[in-house]
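**Student:** First to last, the sequence lines map onto chains C and Y.
Take the first sequence: its letters are residues 5 to 276, numbered as in the numbering used here.
Take the second sequence: its letters are residues 231 to 487, numbered as in the numbering used here.
Let me begin by handing over the structure; questions about it come next.
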Amino acid sequence: MIFAGVDVGSMSAEAVLLDDAALIASSIRVVKPDPVASAAEVLEDVMQQSGVRREQIACCVSTGYGRERIPFSQHDVSEISCHGKGACWANPKVRTILDVGGQDCKAIRVDGRGDLRDFVMNDKCAAGTGRFLEGIAKTFGVHVSQLGPMALKGTDPVQISSICTVFTQFDVMVHLGEGRTVEDVALGVAQALAARVSRLVAKVGLEQSVCVTGGVAKNAAVVRALQEVLGVEVCGLSVDPQIAGALGAALFARERWAAERAGCTRAAATPA
Amino acid sequence: MILGCDIGTGFTKGVVLQDGNVAYATRVETRARPARAMEAVLEDIAAVRGIGAGDFEEIVVTGWGQGKAGTDCRTEATISCLARAAVWAEPACRSVLCMGTQQSVALSLGPAGRVLQYIANDKCASGAGKFLEMILEALECPVERSAEIARCADKKLPISSQCAVFAESEVVSLIHEGESPANIVAAILEHLAKSLVSLCRKVNLRDPLLVAGGLANNPQIVALLEEGLRRRVCSFRPGPDFIAAVGAALSGRRGAA
């Protein structure tokens, strides 16, 4: 049996195909303005990769922006539940997930089955999200993926005093104007982001192990700074941390399909 | 002759004060290099007025970059400069709203410009001049034409995000949806004025209220503030941008007297 999960975010869309045991394909794409088009494209990617046809997919779950409008999904589940589920599958020790996405940031706590226990989120302010890094990358004139490697070479991080993304862009220009290296500025930026995210963790409570998901998880300097500020090790996942949401959606697809087949329509283990 | 300089996050303003009057005022973009901007102000004054740095009895610097001016000068706190200049321009003045590039400040004043209370927003770009600048850039609309363009609006558009970064994305979507620049600019000015009104409400505002800073050049912002605060306001003369620089120069005169 094959199950699909599709996650449309503010900056990227991901799809995952899963069979009874393993992950068989995954894809990440830059989003289009229309979430339905983004979801269709990224699902097409994984079907082509694996040679799976649409009619072979037993169940598809959508999550993220516009998740209730995706015509080819049978169910939709919140991205908070999906990130928890996906991360816990990719590393069963995980109990706290920091999902740092393009436009929001969440601290999520799950139980041993990857089911949601508690969460807090910031979606009001770009500080502590991928948009913060995008803004800084723009100021540097580099791609956002270059910020992490750049920051890891920093030795003497600058102090970023602003919280606001717009004001931090200005701070960055001032530091560069004063002759600070891009590496030290990028390191200061990674620490500022980590400090912001850690405030969410304080609100939800930290239970080990901790992992990071979402696009920002790919910035190794941010992950290292989070370890420093939280004082715990951030554990790795067996999959790309950016697909955790789509993976969780595919896992929910599998659970729901099994529950429906068992005639249990109440699907008690699947929060909406 | 005193030189007052205000090194702001957007612009650096220089004011030459002679016998208690503003003899010359100039502004250059700071471009995140405060010492360079300070030099540019001095160069401009030398070129236009033939006055060298050594001709001033004193140079007083205020604003964000005051500690980074790189010139031999005295520094003065921004809040005191604002209060001093406000009562110099408008002796009866009891409140000030100064709207800068990255900071907006509301002050409540006692007699003779004594600061009773002040509150600043320098943590968040919503409600700051920089916010308007960003949005107008996305719309390719010149700052000085924004009020005029907004007056042609025929529809109220909602901007739901408080955050400047997220509001910018909303504006991009509105452009894609084919909304007119007039309606978008009007919505942004309203969004901005709302933040400024709530800042003002945090201090005990009393009349007359003087408005200053770059945003006070925008007649639509001033009109929306008057509407939101239900009171008339007056603008700082000569030129709302120069309030802190004038205040810095006045503190020098007092010091020298």
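Note that beta-carbon positions come from the ideal geometry of N, C-alpha and C, so glycine has one too.
(1) Assuming Y/VAL402 and Y/ILE379 make a contact with CB atoms under 8 Å, what is their CB distance in whole Å?
(2) Could you pull the DSSP bridge partners for Y/THR256 from this structure?
(3) Any beta-carbon of chain C closer than 9 Å to the one on Y/ALA262?
(4) Counting only beta-carbon atoms, is C/GLY68 nearer than 9 Å to chain Y?
(5) Suppose contacts are defined by Cβ-Cβ distances below 9 Å. Is C/THR100 in contact with C/VAL220 by that definition?
(6) Report back the beta-carbon spacing between Y/VAL433 and Y/ALA316 to the nearest angstrom; my notes put them in contact at under 8 Å.
(7) Can you list the residues of chain C that Y/THR239 reaches, using a CB-CB cut of under 7 Å?
(8) Could you pull the start and end residues of the alpha helix (DSSP H) that C/LYS142 belongs to?
(9) Given a threshold of 16 other Cβ atoms within 10 Å of its Cβ, counted over all protein chains shown, does Y/ALA487 qualify as buried or as exposed?
(10) Check whether chain Y comes within 9 Å of C/PRO153, counting only Cβ atoms and requiring the distance to be less than that.
(11) Taking the alpha-carbon of C/LEU102 as reference, which of C/LYS110, C/LEU180 and C/LEU255 has the nearest alpha-carbon?
(12) Pair every Cβ in the segment 226-239 of chain C with every Cβ in the segment 109-127 of chain C, then say whether three or more of these pairs are closer than 8 Å.
(13) List, from N- to C-terminal side, the alpha helix (DSSP H) runs of 4 residues or more that fit wholly inside the segment 60-106 of chain C.
(14) So who's on the other strand from C/THR217, going by DSSP bridges?
(15) Between the alpha carbons of C/ASN223 and C/GLY116, how many angstroms are there, rounded?
(16) Do you know whose CA, among Y/ILE232, Y/GLY284, Y/GLU400 and Y/GLU288, lies nearest Y/TYR254's CA?
(17) Taking the alpha helix (DSSP H) that Y/LEU454 falls in, what are its first and last residues?
(18) Under the three-state reduction of DSSP, which class applies to C/ASN223: helix, strand or coil?
(19) How far does the alpha helix (DSSP H) with Y/SER410 in it reach, from first residue to last?
(20) Please compile the residues from chain C whose C-beta is within a distance smaller than 7 Å of the C-beta of Y/GLN332.
(21) Hey, is C/MET125's beta-carbon within less than 9 Å of any beta-carbon in chain Y?
(22) Name, going along the chain, the residues of the segment 289-313 of chain Y whose beta-carbon falls closer than 7 Å to a beta-carbon of chain C.
(23) Check whether the Cβ atoms of Y/ASP236 and Y/VAL258 lie closer than 9 Å to each other.
(24) Taking only beta-carbon atoms, is Y/HIS406 less than 9 Å away from chain C?
(25) Taking all protein chains shown into account, do 16 or more other C-beta atoms lie within 10 angstroms of the C-beta of C/GLN1, making it buried, or fewer, making it exposed?
(26) At the level of alpha carbons, what is the spacing between Y/LEU346 and Y/SER425?
(27) May I have the straight-line CA-CA distance separating C/GLY13 from Y/LEU369, to the nearest angstrom?
(28) Where does Y/GLY340 land, buried or exposed, given buried means 16+ other C-beta within 10 angstroms?
(29) Which first and last residues belong to the beta strand (DSSP E) in which Y/THR292 is found?
**Tutor:** In terms of the structure at hand:
(1) Contact doesn't hold; Cβ gap of about 18 Å is too wide.
(2) Y/GLY244
(3) yes
(4) no
(5) Result no, Cβ atoms of C/THR100 and C/VAL220 do not sit closer than 9 Å.
(6) About 14 Å separates the CB atoms of Y/VAL433 and Y/ALA316; that is not less than 8 Å, and the two are not in contact.
(7) What Y/THR239 touches in chain C: PHE174.
(8) Here the alpha helix (DSSP H) through C/LYS142 covers 134-144.
(9) Any reading at Y/ALA487 must be qualified, since the residue scores a pLDDT of 41, below 50, and its modelled position is unreliable; the value itself is stated next. When all chains shown are included, Y/ALA487 counts as exposed.
(10) Not one beta carbon of chain Y lies nearer than 9 Å to the beta carbon of C/PRO153.
(11) C/LYS110
(12) In this structure the segment 226-239 of chain C does not lie against the segment 109-127 of chain C, because fewer than three pairs of beta carbons, one per stretch, are closer than 8 Å.
(13) 83-94
(14) Bridge pairing for C/THR217: C/ASP103 [DSSP].
(15) Cα to Cα, C/ASN223 sits roughly 27 Å from C/GLY116.
(16) Y/ILE232
(17) 449-459
(18) C/ASN223 falls in the coil class under three-state DSSP.
(19) Looking at the DSSP string, Y/SER410 is not in any alpha helix (DSSP H), and its letter there is neither H nor E.
(20) PHE171 and PHE174
(21) no
(22) none
(23) no
(24) Chain C, which has a Cβ nearer than 9 Å to the Cβ of Y/HIS406, makes this yes.
(25) The first residue shown for chain C is 5 and the last is 276, placing residue 1 of chain C beyond what the model contains.
(26) 22 Å
(27) Between the C-alpha atoms of C/GLY13 and Y/LEU369 there is a straight-line separation of about 25 Å.
(28) exposed
(29) 288-292
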